[in-house]
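There are 6 protein chains.
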Amino acid sequence: MHKIVRKIQRPDPEAVKILGDLGVATVHEAQGRTGLMKPYMRPIYPSAKMAGPAVTVLCQSGDNLMIHAAVEVCHPGDVLVVTTGSDSTDGMFGELLATSLVAHGVVGLIIDAGVRDVGELTAMDFPVWSKAIHAHGTVKSTAGSVNVPVVCAGASVNPGDVIVADVDGVCVVPRETVPEVVKASEARVAKEEKNRQSLREGKLGLDMYGLRAKLKELGVEYE
Amino acid sequence: MHKIVRKIQRPDPEAVKILGDLGVATVHEAQGRTGLMKPYMRPIYPSAKMAGPAVTVLCQSGDNLMIHAAVEVCHPGDVLVVTTGSDSTDGMFGELLATSLVAHGVVGLIIDAGVRDVGELTAMDFPVWSKAIHAHGTVKSTAGSVNVPVVCAGASVNPGDVIVADVDGVCVVPRETVPEVVKASEARVAKEEKNRQSLREGKLGLDMYGLRAKLKELGVEYE
Amino acid sequence: MHKIVRKIQRPDPEAVKILGDLGVATVHEAQGRTGLMKPYMRPIYPSAKMAGPAVTVLCQSGDNLMIHAAVEVCHPGDVLVVTTGSDSTDGMFGELLATSLVAHGVVGLIIDAGVRDVGELTAMDFPVWSKAIHAHGTVKSTAGSVNVPVVCAGASVNPGDVIVADVDGVCVVPRETVPEVVKASEARVAKEEKNRQSLREGKLGLDMYGLRAKLKELGVEYE
Amino acid sequence: MHKIVRKIQRPDPEAVKILGDLGVATVHEAQGRTGLMKPYMRPIYPSAKMAGPAVTVLCQSGDNLMIHAAVEVCHPGDVLVVTTGSDSTDGMFGELLATSLVAHGVVGLIIDAGVRDVGELTAMDFPVWSKAIHAHGTVKSTAGSVNVPVVCAGASVNPGDVIVADVDGVCVVPRETVPEVVKASEARVAKEEKNRQSLREGKLGLDMYGLRAKLKELGVEYE
Amino acid sequence: MHKIVRKIQRPDPEAVKILGDLGVATVHEAQGRTGLMKPYMRPIYPSAKMAGPAVTVLCQSGDNLMIHAAVEVCHPGDVLVVTTGSDSTDGMFGELLATSLVAHGVVGLIIDAGVRDVGELTAMDFPVWSKAIHAHGTVKSTAGSVNVPVVCAGASVNPGDVIVADVDGVCVVPRETVPEVVKASEARVAKEEKNRQSLREGKLGLDMYGLRAKLKELGVEYE
Amino acid sequence: MHKIVRKIQRPDPEAVKILGDLGVATVHEAQGRTGLMKPYMRPIYPSAKMAGPAVTVLCQSGDNLMIHAAVEVCHPGDVLVVTTGSDSTDGMFGELLATSLVAHGVVGLIIDAGVRDVGELTAMDFPVWSKAIHAHGTVKSTAGSVNVPVVCAGASVNPGDVIVADVDGVCVVPRETVPEVVKASEARVAKEEKNRQSLREGKLGLDMYGLRAKLKELGVEYE
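Residue numbers (the numbering used here), protein chains in the order written: chain V, 8 to 230; chain D, 8 to 230; chain X, 8 to 230; chain L, 8 to 230; chain S, 8 to 230; chain R, 8 to 230.
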């Protein structure tokens, strides 16, 4: 029933870089307000920012055996996405595992559970988004899977999907839609830059977006 | 049923400045331990600190139409206070709206929902206290009101009430009580300064506040 | 029923210092994954780090009378551990009490409730781990106890137990086990340093910890 | 600062009865989706259902002194609405207080805190909506107020407002709007009865409410 | 981007019935401890129990337009599975929609949001599993989808998957694995029946499952 | 490190029976408002009520090996108290284990985690107080202890302490204080019976408990 898939398809690295630079809020909007993880996923330090293809890991709660199994199938630039069979805040990941991941070129971790050694991870500038910070240790005794489809913090993640993460949260871009999401994101940024300039000059969103008619239609009255 | 009130009464700006300098803990105590929002309201960066008259906004959850409608009725120095009809963590506010508010002189935002573009807002030094940080976008299609009485994070807010906010949370001072709260806050600060000096020298609160008798009366025994 | 115990036994200060330097994650593992408080206990600033013998305080929720009573029995180097009869987020502790504790040499606070004056406490570099940051004030009218066994954030704490706290959370080391925990912690650190070096060179945890056999035994298949 | 207001204005008892029969969902919709308390307010038994004018009580958390003070100002048919200065789950109310309230004709309790003696209260058929069921006892030592405006579970309540409560939650109808809310509620019920009949026969809401055009306008496609 | 898929593949009705009779705990174990929704999903009355193929609905939070759109594509025996773009407790479903679903033969509802008219739904014996009971009403103005893959309460659901629900929670059986899960569930039940008999006679699980050796191997000592 | 203690001291069965009849609220008050578990511990059916000496079990989260190990050391009349190393809602206990416990005379379960087969347990009238109802299964592979001191849902429990549980929650009475708590509880009940009669006749708590003077002293004014 449990398996480790060694080979996955990865998206174009150039596109991944662009999505990472654009950031979570833009990418999430550009793909139709989908793919966002729950707001309890927070970075361990506020400047954390990254993007990369997902290597997915499904663990038993409180057991990090499969994270160890996943290291070997990671490529430089990958992001590890770890989820558990049921809710847990155990600190399933720490500085030693991060050292191992860094040695294999992994750029960050998304974990729907706890993380520890946060002081050391911050010093290493290894970004992690997690549900909790907790020192509670784990065992290594139960089977799980690597590179199977998972649900992580409310979002569906397939191996090779692009993970975009920053202080606003974590967003998943399905691998096959990457080119169109890049295009839509860039269009959005261009439009926003124009709006930003107008707003800076004091123009109202009410006028820019034609919302006065909407208010009238909805029967909102001015006093 | 829904309306936008253009004109509200505002408190004396000098008094607002004093309350902001005194900070949340002092002001809350000085007005009899009232007016505090729930502890889930947290600043997006720890040095955030501000005070100003409230312009209140009541939105449908997941819909920021009325925030756009509110910009126009804000005066320089105001604080926007946004609440929703039911619980939500959607990121109803971001950098574009902040740019617009800054252009109109608004000094900060209190929102009983989510906020996004937190990296950009921090760089702009635009302070926000929110229930969540979440990139999730919103629509602009449902009516609400501006400058009506609202309940925000458990506290009652009327338009023109003074909002005082810092790392300790968010406190509401009813407009009509501002002068007496300023007076009571300053008296408290003066008294505390005296106590601080004594405590620094090693004197015990037990003696300073006459609590030994209290302990005895309550039957607490020493071993 | 309620009492204040003046004299408690304290552990060897040298051992306390070593445990503090080793940090929460190491100490918690070294004593068999026990003694950890719940993950909702967070430091008010990320660099907070300390260790010391516990002076325990049991308060009524929303009443800090017994914290005042506890100051007097503290020794330099102690850590105050405050818990309440039922759940509360009230800000039972602030800068004035911290000033008093500093004057008596106390090195930090663990409180299963709220804290306030967080800006001032951070400026003083007085570390606090709490359930909440909230300005809500408290009364001083109900009996409690000092230096009795308490449960704080899910962990059992006896007076004189060593509290180790950092960004990963808060761990309690029973006083009588301190010497063996120091020994086990140091052994763990030595072993980890060796592993760290191997992982840095790209060696896999899978091989280092002999986990390949485990995966096979569990029936995990490679694809 | 704290006070007990003996006399309050009450709404027409006939109107109160009608609102109670109509129930929370209908009344909340009829007054424009306002006045609803948070969903954490749950009845202690599922058949609980009542309506009545609010006598409001503001207590210190963990202190039920003011509930005792409120009994005397209650009239037959009233509902007690209790809130606290900060979050608490303490069991501030039990069977003895219920016995007292029943003797004075009070028909139920809304409490944004805990309740206890739930077995006895259920046997007495005294309905309570609370945030928690918890046996934790309280003191009687801190001042509060009776019949002042309060915020209870996120809703603003003024003395004399109508409280409508059933298994769907708790709704507040401002006293001065009672007649129009009764009218709007009855109109809603009449309309719904017609719709119910059509739906029962298999007609689609999509057709009844004209939503097909909406779907088309929004660009939703059929496959 | 949004669409309504009219035709989906459904599993063998006989198999669905068997899974429903076996119940959530058995089915979840039999398919390798997967497919379970989060524990916050609770039935509105304790005797609720059902199984059926999923018709999935993705709504904007606080907007039930797509539930109306879904009714038409339901077949007798189906279960409606509703999820929202972001967290919400709004009462998106009530007695009128249930009347409509019953008219089309739908046997129950799974909704990762709120439900209302719980008294009427219980009287109708229409089972619902939800995150909350809340009267808060919703709009009908934003696009969504019907019969697309969704994540509901932490579980991945594809149209036509079997939903099994009872007082223990909600479990999803992927359509293509239904035959093997039926077989594994029945095998489990047979084995458990034998064990139950032994346990009833006082035999120990420790002996029946051969756990004494395990305890010894783990170094657990008897005192 | 981990052990199973076979022999524990148990309290007088007659006293246990009396405490169970008195119920949680009375016992908790009579022992000075201590010993109560957190309010999230709820019975699986509202009429659940029991008392008995605690056999304590410390498990790894998501692993019920030690529950199996505990059955053998239980005596008729005992209550099993299960806690885990870190937070979990996994369904660690179900109908088969209950069948085993019933065969050994155990009268109920307190578990700071999840429970499943709630329909069957209710039919068997086997009472359980738990943090969650969840079907999620567990493994049997990690060491823990039986009959060691534990913290369960915020309360300290030693083997042989009396557990009293009903719809109001769960209370722990330390074994050595049982006789005095019985006495204090019975005194309380007698006093309450007298007060109940007065309250039923309309007398006010304000007068009975002498609270009018308190209100005056606190400066509460009547209007």
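Quick reminder that beta carbons are idealized off the backbone N, C-alpha and C, glycines included.
It should be emphasised that the depicted structure is a prediction, and the values quoted were computed from it without experimental measurement.
{"query": "Does the beta carbon of GLU148 of chain R sit closer than 9 angstroms to a beta carbon anywhere in chain V?", "result": "Looking at the sequence itself, residue 148 of chain R is Ser, so the reference to Glu does not match. SER148 of chain R counts as touching chain V."}
{"query": "Unbroken alpha helix (DSSP H) runs of length 4 or more, entirely within the segment 67-119 of chain L: which are they?", "result": "72-78 and 102-110"}
{"query": "Just verifying my parser: in three-state terms, what is the DSSP assignment at VAL138 of chain S?", "result": "According to the sequence shown, residue 138 of chain S is Lys rather than Val. LYS138 of chain S: strand per DSSP, three-state reduction."}
{"query": "In the DSSP output, which residue or residues are listed as bridge partners for THR149 of chain L?", "result": "Answer is none; THR149 of chain L lacks a bridge partner."}
{"query": "Can you find a C-beta in chain S that's less than 9 angstroms from the C-beta of HIS82 of chain D?", "result": "no"}
{"query": "Just how far apart, CA to CA, sit ALA130 of chain X and PHE100 of chain X?", "result": "16 angstroms"}
{"query": "I need the boundaries of the alpha helix (DSSP H) containing ASP168 of chain R, first residue and last residue.", "result": "Unbroken run through ASP168 of chain R: none, as it is neither H nor E."}
{"query": "Identify every residue that forms a DSSP beta bridge with ASP124 of chain R.", "result": "Answer by DSSP bridge pairing: none, since ASP124 of chain R is not bridged."}
{"query": "Could you tell me which residues DSSP pairs with GLU230 of chain R in its beta bridges?", "result": "BP columns for GLU230 of chain R are empty, so no partner."}
{"query": "Based on the DSSP output, what are the partners of SER163 of chain L in its beta bridges?", "result": "L:VAL158"}
{"query": "Helix, strand or coil: which one does DSSP assign to MET57 of chain R?", "result": "strand"}
{"query": "Provide the residue span of the beta strand (DSSP E) that contains VAL180 of chain D, from first to last.", "result": "176-180"}
{"query": "Could you tell me the alpha carbon to alpha carbon distance between LEU225 of chain S and ALA76 of chain V, rounded to whole angstroms?", "result": "24 angstroms"}
{"query": "Can you have a look at GLY6 of chain S and say buried or exposed, based on whether 16 or more other CB atoms are within 10 angstroms of its CB?", "result": "Residue 6 of chain S lies beyond the stretch modelled for chain S, which goes from 8 to 230, so this question has no answer here."}
{"query": "Whole angstroms are fine: how far does the CA of LEU65 of chain S sit from the CA of SER107 of chain S?", "result": "19 angstroms"}
{"query": "Within 9 angstroms (strictly less), CB to CB, does TYR216 of chain S reach chain L?", "result": "no"}
{"query": "Can you check whether the C-beta of LYS10 of chain V is within less than 9 angstroms of a C-beta belonging to chain S?", "result": "no"}
{"query": "Is DSSP giving ILE15 of chain S helix, strand or coil here?", "result": "coil"}
{"query": "Run the CB neighbour count on ALA150 of chain R, radius 10 Å, all protein chains shown included, and call it buried at 16 or more, exposed below.", "result": "buried"}
{"query": "Tell me which residue opens and which closes the alpha helix (DSSP H) that LEU213 of chain S is part of.", "result": "212-215"}
{"query": "Expressed to the nearest angstrom, what Euclidean distance is found between the alpha-carbon atoms of ASN71 of chain R and VAL78 of chain R?", "result": "12 angstroms"}
{"query": "Taking CB distances under 9 angstroms as the criterion, tell me whether HIS35 of chain L reaches chain S.", "result": "yes"}
{"query": "For ILE140 of chain R, which residues in chain S fall below 9 angstroms Cβ to Cβ?", "result": "PRO46, ARG49, VAL174, ASP175 and GLY176"}
{"query": "How about GLY167 of chain S and ILE15 of chain S: do their beta carbons lie closer than 9 angstroms?", "result": "yes"}
{"query": "Verify whether the separation of the beta carbon atoms of GLY59 of chain X and ASP19 of chain X is less than 9 angstroms.", "result": "no"}
{"query": "Closest to VAL12 of chain D by C-alpha separation, out of D:VAL80, D:GLY42 and D:GLY69, would be which residue?", "result": "D:VAL80"}
{"query": "What does GLU232 of chain V reach in chain D if we use C-beta pairs closer than 9 angstroms?", "result": "The first residue shown for chain V is 8 and the last is 230, placing residue 232 of chain V beyond what the model contains."}
{"query": "Assign PRO46 of chain V to one of three DSSP states: helix, strand, or coil.", "result": "coil"}
{"query": "Decide if GLN204 of chain S is buried, meaning its Cβ has at least 16 other Cβ atoms within 10 Å, or exposed.", "result": "exposed"}
{"query": "For VAL158 of chain V, go through chain S and note every residue whose CB falls closer than 9 angstroms to its CB, in chain order.", "result": "VAL158, GLY161, ALA162 and SER163"}
{"query": "Output yes if chain R places a C-beta closer than 9 angstroms to the C-beta of ASP97 of chain X; else output no.", "result": "no"}
{"query": "Within 10 angstroms of its Cβ, does LYS190 of chain R collect 16 or more other Cβ (buried), or is it exposed?", "result": "exposed"}
{"query": "Counting only Cβ pairs nearer than 7 angstroms, list the residues of chain S close to GLY144 of chain V.", "result": "Correct list: empty, because the minimum Cβ distance to chain S is about 16 angstroms."}
{"query": "For SER93 of chain V, go through chain R and note every residue whose CB falls closer than 8 angstroms to its CB, in chain order.", "result": "GLY69, SER95, THR96, ASP97, HIS141 and HIS143"}
{"query": "Between the Cα of ALA37 of chain L and those of L:GLY212, L:LYS223, L:VAL196 and L:LYS201, spot the shortest distance and give me the residue it belongs to.", "result": "L:VAL196"}
{"query": "With a cut-off of 9 angstroms, does the C-beta of LYS24 of chain V fall near any C-beta of chain D?", "result": "no"}
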